[in-house]
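Asker: Residue numbers (UniProt numbering): 1 to 428.
Glycine included, every Cβ here is placed at the ideal spot set by N, Cα and C.
Here's a structure for you.
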Amino acid sequence: MNKLKKLQVLSSDSEEIFLQKKEGEEKQEETEKEKNNEKKEKEKEKEKKQEEEGEEESEQELLKETQRIKNNPKIKMLDQQKVPKFIIDLDLPTNKRWDKVIDAYKNDFGVILDYVKTILNSYFGKIFGSVIGTIAEKLFASLVGTGAVYYGKELRSIAKKSGFPLGKLFLLNIAYELCAFCTSIVGKGEEGLILGRTMDWEMPFLKKFTIELEFRRDGKKLYEATSWAGYVGVLTGSRPGVGAVSINYRIANRGTIVTNLVKGIQKYWPISFLVRDCLENCTSYSDLKTRLRDSPLMAPCYITLCGIEDACLITRNRNSEEKNSIWNYNEKGVIIQCNMDHWRTEPKYDIFFSRTRRKLARRLIENLEKEKFLNEETMWSTLYTQPISNEITIYYTVCNPTTGSYSSRIPLDDIPEIENKYQELFYF
1 MNKLKKLQVL SSDSEEIFLQ KKEGEEKQEE TEKEKNNEKK EKEKEKEKKQ EEEGEEESEQ
61 ELLKETQRIK NNPKIKMLDQ QKVPKFIIDL DLPTNKRWDK VIDAYKNDFG VILDYVKTIL
121 NSYFGKIFGS VIGTIAEKLF ASLVGTGAVY YGKELRSIAK KSGFPLGKLF LLNIAYELCA
181 FCTSIVGKGE EGLILGRTMD WEMPFLKKFT IELEFRRDGK KLYEATSWAG YVGVLTGSRP
241 GVGAVSINYR IANRGTIVTN LVKGIQKYWP ISFLVRDCLE NCTSYSDLKT RLRDSPLMAP
301 CYITLCGIED ACLITRNRNS EEKNSIWNYN EKGVIIQCNM DHWRTEPKYD IFFSRTRRKL
361 ARRLIENLEK EKFLNEETMW STLYTQPISN EITIYYTVCN PTTGSYSSRI PLDDIPEIEN
421 KYQELFYF
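Here is the structure:
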């Protein structure tokens with residue numbers, strides 16, 4: 001019994017020691033937690049202070065930039081040249097419409113053909129890419145003959161006159177469905193809503209092929225567009241009195257090049273063909289908006305539509321029944337679209353400094369609107385500002401569907417790479 005009592009006493013003592021030890025450890029953990037929390041709070045305060053200082057610095061930079069633009073609209077203008085202009089008469093037979101463009105550029109098409117081959121090889125490998133090109137050539141040549149490809153007759157006549165293989169020409173005309181980076185802006189000036197856009201693409205040779213097109217019907221101007229020789233679609237265009245459109249690349253749910261080609265065969269619209277068809281046949285902003293919002297597309301994209309009384313940004317998926325976000329100017333103000341969804345801010349969605357371009361452009365345009373100093377010249381200056389303008393910019397366009405004004409320019413000199421200060425100052 002004595003032994004048992006001793007064991008009980010020892011057990012009781014051990015339990016008490018254990019509990020005391022545990023209590024001590026818990027207190028120590030609690031103290032450490034409090035210290036960590038205090039440390040985190042201090043770090044948060046420090047980050048907040050740095051953020052406020054950075055925000056203040058970015059505001060100062062922004063005010064300086066706005067003041068430079070306001071005092072001298074051409075201060076940021078790069079060396080540039082006007083874009084060559086051609087008339088496309090829609091009353092002519094399809095095999096005659098593009099003759100002047102082809103005559104002017106057919107000796108240079110080898111550069112573009114090399115690019116198409118590069119696309120195929122990069123996606124499928126050198127050997128398989130060549131095979132895919134041959135298959136596409138035969139497939140689309142036969143589809144053009146059956147009327148299953150939009151603007152097929154025009155493509156066939158261009159291929160015949162230029163010597164450009166028909167299948168590869170079609171691939172060139174849907175190349176935008178693969179990848180391009182752009183900034184589209186809509187703001188309101190004294191003469192109405194103004195659309196400004198940069199076309200950014202890692203293909204500097206396209207500057208040489210950039211052209212302006214005036215599409216006519218019944219001898220009268222119907223709409224204008226900025227395009228490239230050999231390209232029959234429209235990614236940037238304006239119909240006076242109706243509306244202007246610009247297209248931006250969207251990466252979300254794009255699928256593969258094969259998926260996009262299959263959708264094309266199924267009569268899903270390549271976006272550039274849809275925009276052209278809309279500018280030729282829609283007679284009101286409402287018609288444009290409905291068709292651009294609801295038509296089935298080969299690939300997702302961003303559509304910026306600038307009208308007379310209102311403007312909108314349509315974030316498109318392939319089908320109209322999928323969720324398609326719309327931002328209306330009259331409800332939400334200035335429209336800025338780069339290459340990420342406007343509701344996203346996370347770095348993983350940021351394509352080619354989209355957050356930086358978006359925030360800088362928005363704040364510049366909002367300031368210019370507030371000071372009632374937004375016009376075509378200050379829109380040009382905004383487009384020329386880094387990083388909105390950058391080392392892969394192919395062309396700029398500014399247009400006003402109210403006045404019918406339309407102009408495009410090509411940067412002549414190489415644009416410096418994006419400066420780090422812009423990346424730091426204008427990130428969310």
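For P204, is the classification buried or exposed, using 16 other Cβ atoms within 10 angstroms of its Cβ as the cut-off for buried?
Answerer: exposed
Asker: K372 by DSSP, collapsed to three states: which one?
Answerer: coil
Asker: Among the candidates G243, I185 and S325, whose CA atom is the shortest distance from the CA of E280?
Answerer: G243
Asker: According to DSSP, what are the bridge partners of V245?
Answerer: For V245, which the question treats as bridged, DSSP gives the partners G237 and L305.
Asker: Going by beta carbon distance, what residues of the same chain come within less than 6 Å of L313, once the five residues before and after it are set aside?
Answerer: T304, W327, I335 and Q337
Asker: Just to confirm, are L172 and G233 a CB contact at a threshold of 8 Å?
Answerer: no
Asker: Per the contact definition of three or more C-beta pairs closer than 8 Å, is the region 200-216 in contact with the region 85-97?
Answerer: Yes, since at least three Cβ pairs between the region 85-97 and the region 200-216 fall closer than 8 Å, the two stretches touch.
Asker: What's the C-alpha gap between L412 and L360?
Answerer: 24 Å
Asker: Contact between the region 370-379 and the region 150-165: three or more CB pairs below 8 Å?
Answerer: no
Asker: Go to G152, then tell me how far its alpha helix (DSSP H) extends in each direction, as first and last residue.
Answerer: G152 to S162
Asker: If you reduce the DSSP assignment to three classes, tell me which class Y384 lands in.
Answerer: helix
Asker: Alpha carbons only, please: which of F209, C282 and C399 is nearest the one belonging to K106?
Answerer: F209
Asker: Among residues of its own chain, excluding the 5 on either side of S320, which ones have a beta-carbon nearer than 8 Å to its beta-carbon?
Answerer: R293, D294, S295 and P296
Asker: Bridge partners of E224, per DSSP?
Answerer: E214 and S238
Asker: Of the choices S286, M298 and R156, whose alpha-carbon is the least far from that of I251?
Answerer: In terms of CA proximity to I251, M298 leads the group S286, M298 and R156.
Asker: Look at the Cβ atom of residue 430, then the Cβ atom of I365, and state whether they are nearer than 8 Å.
Answerer: The chain is shown from 1 up to 428; residue 430 falls before or after that span and cannot be answered.
Asker: Tell me whether the beta-carbon of E376 lies closer than 8 Å to the beta-carbon of N400.
Answerer: yes
Asker: Would you mind sorting V83 into buried or exposed? The rule is 16 or more other CB atoms within 10 Å of its CB.
Answerer: buried
Asker: What did DSSP end up calling L360 once you bin it into helix, strand or coil?
Answerer: helix
Asker: For T94, which residues from the same chain have a beta carbon less than 7 Å from its beta carbon, with the 5 sequence-adjacent residues on both sides left out?
Answerer: Excluding its 5 nearest sequence neighbours in each direction, T94 has C-beta neighbours in its own chain below 7 Å: K153, E154 and S157, listed in chain order.
Asker: Between the C-alpha atoms of T315 and N339, what's the straight-line distance to the nearest angstrom?
Answerer: 11 Å
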